[in-house]
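*Asks:*
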Amino acid sequence: MPIIEIEHLTKDYGHSRGIFDVSFSVEAGEVYGFLGPNGAGKTTTIRHIMGFSRPQRGRTLVHGLNSWERASDIQRELGYLPGEIALPESLTGTDFIKMMADLRGIKDMKHTKALINKFELDPSGSLKRMSLGMKRKLAIVTAFMHDPAILVLDEPTSGLDPIMQTFFIEFIKEEKKRGKTILISSHIFSEIDATCDKISIIKEGRLISSFVADDLRHNKSKTYEIEFITEEAFTRFGVELMSIQQIEVLTLTPHKLQTTLRINDADINSLISLLADYEVKFFSEIKFTLEDYFMKFYDRNSNDAGGAIPDVLHRN
Amino acid sequence: MLSKAIFKQTLKSNIKLWLIFTVIMTVLHVLLIVVFNPSTISDMSGLVKDTPLASLLGEATFLGMLSNTFYGIHGILLPIVFIIMTANSLIASQVDRGSMAYLLSTPTKRSTVVLTQATYLITSLLLMILIVTVAGFISIQTFQGDTQISLSNYFALNIGLFLLMFATSGISFFFSCVFNLTKNSLAWGAGLPMAFFLLKLMGDVDSSLEKLKYISMNSLFNTDAVLHGENYTIQYVALAVVGIILYMLSLRVFKQKDLPL
């Protein structure tokens, strides 16, 4: 069952800024990564999910309720972590937690206290004097304090130190195990890579790719780089390659005597037996990361080295 | 409809400003009452008789003097500045800074936020003018026991002052709800009330500029009409209606608009 549905969402701010026909949905219990550079439209999309903005076209639903029309109702089961931390400065951290608890109608503070301990938050000071990291933690605590079933996290780890970042990623994994539905927007590949089941990439307001993360991680087709010792071997290999269909040649670089090729795991033995006849200097796999995949969308002229395009593309 | 939690936070962040303005205004009001002496006023009237300031000073009665000083300048300007600062901080600055996101990420309706903040602004003005009035009343009893003063006119002046401030707060609050940026909210929410204040003042000082008075909302608080027993009910009702309409529009605008949170 889809928990968050975004259907043909369009908001044109002019000057080709905004989001255009964005559609994807987050299923129950799923961690969904929303990846894109700054200004690509991640926060604009989230604004619509939260009911802060009215769509020009399309709609967003949370638990089947229209975000714009039922904004206050969807917040009961939703926790939101804003990308920019702007807390009311006249309050202390304790006041702020108290206010958020009151607004949410939380009477039992056990869960909130557990979160405060978990994140080693000291909320006693004034918000004006708190460090950015402390404010971040405070925002995290207030986003999770009502133990919501859905979480919308806008760049959750920015402003946290590396140890806290890792800690937070572990925390997200725990929440996922507890059955939470989570949408994370980010421009940091590693945190998306570490947590997400599905990923959408947004660029200049348009979704350019949506895929299942595991398809990418456990891709059966891999890329290898080979360098030969002699020019004779390189040339001969180049000719012989033509006759083998299973191997896809990506590059041949004569002056370096190098080649990169892509082959399915099932056919790897044929490549190895073929190479046995040649004098090879090295033979290595080019590891494919989400970052490579992501960067490919930004640099249209990049040579197509590394990995493979996942064949499962989701369009909901 | 109203949120206790938001009201508590609003009170905490705004009460200092309210206290400062209330104290200054009360002290000023009491001082003006205490120093009044019919003979000094007559002397001064003689002094400025042929200058444009003559019409500003007005007649040499106690309430005439008060309405040309306190109810014409200080008593208007001080609450206007309070309104400008408070109205902006209640809505626009929270949207501009982004802290509004926390309120709206709870099951709180936008209408609840607006109504709670409007309640604070109106209540704070009501209390401010009530305190000034009570302090003024006590000072009159204490220091001007011998002077002939119509208390019903005195109270009518204070009611008028509150209604004018209610309408003015409606203007500033409306622009605070309309704009997402503090600078725009302030440009309009401060600009218009200040313009009204200055237009009325200029119209009062120089009779050749009298027409300016009629484009100022502040002229609806006509102290001369109160003092001379003319009918001022329509003007008072008009001020109340302007305020109510502006607050209703504020609610409507804020419910419908896109928030950059």
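Note that the protein sequences, when read in sequence, are chains P and F.
FYI, the numbering for the first sequence is 1 to 316, going by the UniProt record's numbering.
FYI, the numbering for the second sequence is 1 to 261, going by the UniProt record's numbering.
All residues carry an ideal CB built from backbone N, CA and C; glycine is no exception.
All figures in this text were calculated on a predicted structure; none of them were measured in a lab.
Identify each residue in the stretch 36-69 of chain P for which the Cβ-Cβ distance to at least one residue of chain F is less than 7 Å, and report them in chain order.
*Replies:* Hits within the stretch, in order: R47, M50, F52, S53 and R54.
*Asks:* Can a CB atom of chain F be found closer than 8 Å to the CB of Q258 of chain P?
*Replies:* No, Q258 of chain P lies away from the interface with chain F (no Cβ there is under 8 Å from its Cβ).
*Asks:* Can you check whether the C-beta of L251 of chain F is within less than 8 Å of a C-beta belonging to chain P?
*Replies:* No, L251 of chain F does not count as interfacial toward chain P.
*Asks:* Considering just the uninterrupted stretch of the alpha helix (DSSP H) at L31 of chain F, what are its terminal residues?
*Replies:* Note, L31 of chain F: alpha helix (DSSP H), K4 to V35.
*Asks:* Does the CB of M99 of chain P have a neighbour CB from chain F at under 8 Å?
*Replies:* Answer yes: the Cβ-Cβ gap between M99 of chain P and chain F drops below 8 Å somewhere.
*Asks:* With 16 other CB atoms within 10 Å as the buried threshold, where does N14 of chain F fall?
*Replies:* It counts as buried.
*Asks:* Using the C-alpha atoms, what's the distance from K200 of chain F back to L212 of chain F?
*Replies:* Using only the alpha carbons, I get a separation of about 7 Å.
*Asks:* How long is the line joining the alpha carbons of T168 of chain F and L90 of chain F, rounded to whole angstroms?
*Replies:* Roughly 15 Å separates the two Cα atoms.
*Asks:* Could you pull out every residue in the same chain whose Cβ sits closer than 8 Å to the Cβ of D102 of chain P, ignoring the five residues on either side in sequence?
*Replies:* For D102 of chain P, where only same-chain residues beyond five positions count, there are no Cβ hits under 8 Å.
*Asks:* Determine the direct distance from the alpha carbon of E248 of chain P to that of I274 of chain P, and round the result to whole angstroms.
*Replies:* Just to set this straight, residue 274 of chain P is Leu in the shown sequence, not Ile. Rounded to the nearest angstrom, the two C-alpha atoms are 14 Å apart.
*Asks:* Could you tell me which chain P residues have their CB closer than 8 Å to the CB of P107 of chain F, listed as they occur along the chain?
*Replies:* Simply S72, D73, Q75, R76, L103, R104 and G105.
*Asks:* Using a 10 Å radius around the Cβ and a threshold of 16 neighbouring Cβ atoms, would you call L313 of chain P buried or exposed?
*Replies:* For L313 of chain P, the predicted structure reports a pLDDT of 39, less than 50, and the residue's modelled location is therefore unreliable. A value from the coordinates is still provided. L313 of chain P is exposed by the Cβ-count criterion.
*Asks:* May I have the straight-line CA-CA distance separating I85 of chain P from K135 of chain P, to the nearest angstrom?
*Replies:* So the two alpha carbons sit approximately 7 Å from each other.
*Asks:* Would you verify that the beta carbon of L138 of chain P is, or is not, closer than 8 Å to some beta carbon of chain F?
*Replies:* L138 of chain P does not count as touching chain F.
*Asks:* If you draw a straight line from the alpha carbon of L161 of chain F to that of F221 of chain F, how long is it in whole angstroms?
*Replies:* Going from the Cα of L161 of chain F to the Cα of F221 of chain F covers about 7 Å.
*Asks:* Taking a cut of 7 Å between CB atoms, which residues from the stretch 151-165 of chain F lie near chain P?
*Replies:* Those would be none; no residue qualifies.
*Asks:* Could you tell me the distance, in whole angstroms, from the CA atom of V34 of chain F to the CA atom of F137 of chain F?
*Replies:* Distance between the alpha carbons of V34 of chain F and F137 of chain F is about 11 Å.
*Asks:* Taking beta-carbon pairs under 8 Å, can you tell me which members of the stretch 10-40 of chain F lie near chain P?
*Replies:* The residues in question are K12 and S13.
*Asks:* Please confirm whether V241 of chain F and C177 of chain F have their CB atoms less than 8 Å apart.
*Replies:* No, they are not a contact pair.
*Asks:* Taking the alpha-carbon positions, what's the L241 of chain P to K42 of chain P distance?
*Replies:* Approximately 44 Å between the Cα atoms of the pair.
*Asks:* When you check each C-beta in the stretch 115-134 of chain P against every C-beta of chain F, which residues fall closer than 8 Å?
*Replies:* Hits within the stretch: zero.
*Asks:* Mind pulling the chain F residues with CB within less than 8 Å of T142 of chain P?
*Replies:* Result: Y102.
*Asks:* Would you say A5 of chain F lies against chain P (beta-carbon separation less than 8 Å)?
*Replies:* Taking Cβ atoms only, chain P reaches closer than 8 Å to A5 of chain F, which makes this a yes.
*Asks:* Of all the residues that make up the stretch 173-187 of chain F, which are near chain P by a beta-carbon distance shorter than 7 Å?
*Replies:* Result list empty, no residue passes.
*Asks:* Out of F:F197, F:M65 and F:H228, which one is the CA nearest neighbour of S219 of chain F?
*Replies:* With distances taken between Cα atoms, S219 of chain F lies closest to F:F197.
*Asks:* Roughly how many angstroms lie between the CA atoms of D154 of chain P and L32 of chain F, to the nearest whole one?
*Replies:* So the two alpha carbons sit approximately 57 Å from each other.
*Asks:* Please report the straight-line C-alpha distance between T112 of chain F and S3 of chain F, rounded to a whole angstrom.
*Replies:* Straight-line Cα distance between these residues: approximately 6 Å.
*Asks:* What three-state label does DSSP hand residue 316 of chain F in the structure shown?
*Replies:* The first residue shown for chain F is 1 and the last is 261, placing residue 316 of chain F beyond what the model contains.
*Asks:* Beta carbons nearer than 9 Å to chain P: which residues of the stretch 117-143 of chain F have them?
*Replies:* Hits within the stretch: zero.
*Asks:* From the beta carbon of P88 of chain P, is the nearest beta carbon of chain F less than 8 Å away?
*Replies:* It does; some Cβ of chain F falls within 8 Å.
*Asks:* Helix, strand or coil for D154 of chain P per DSSP?
*Replies:* Note: D154 of chain P maps to strand in three-state DSSP.
*Asks:* Hey, does L259 of chain F have any beta-carbon neighbour from chain P nearer than 8 Å?
*Replies:* Cβ-Cβ to chain P under 8 Å: yes for L259 of chain F.
*Asks:* Rounding to the nearest angstrom, what Cα-Cα distance links L163 of chain F and K109 of chain F in this structure?
*Replies:* Going by the C-alpha atoms only, they are around 29 Å apart.
*Asks:* Measuring straight from C-alpha to C-alpha, what distance separates L160 of chain P and I122 of chain F?
*Replies:* Roughly 42 Å separates the two Cα atoms.
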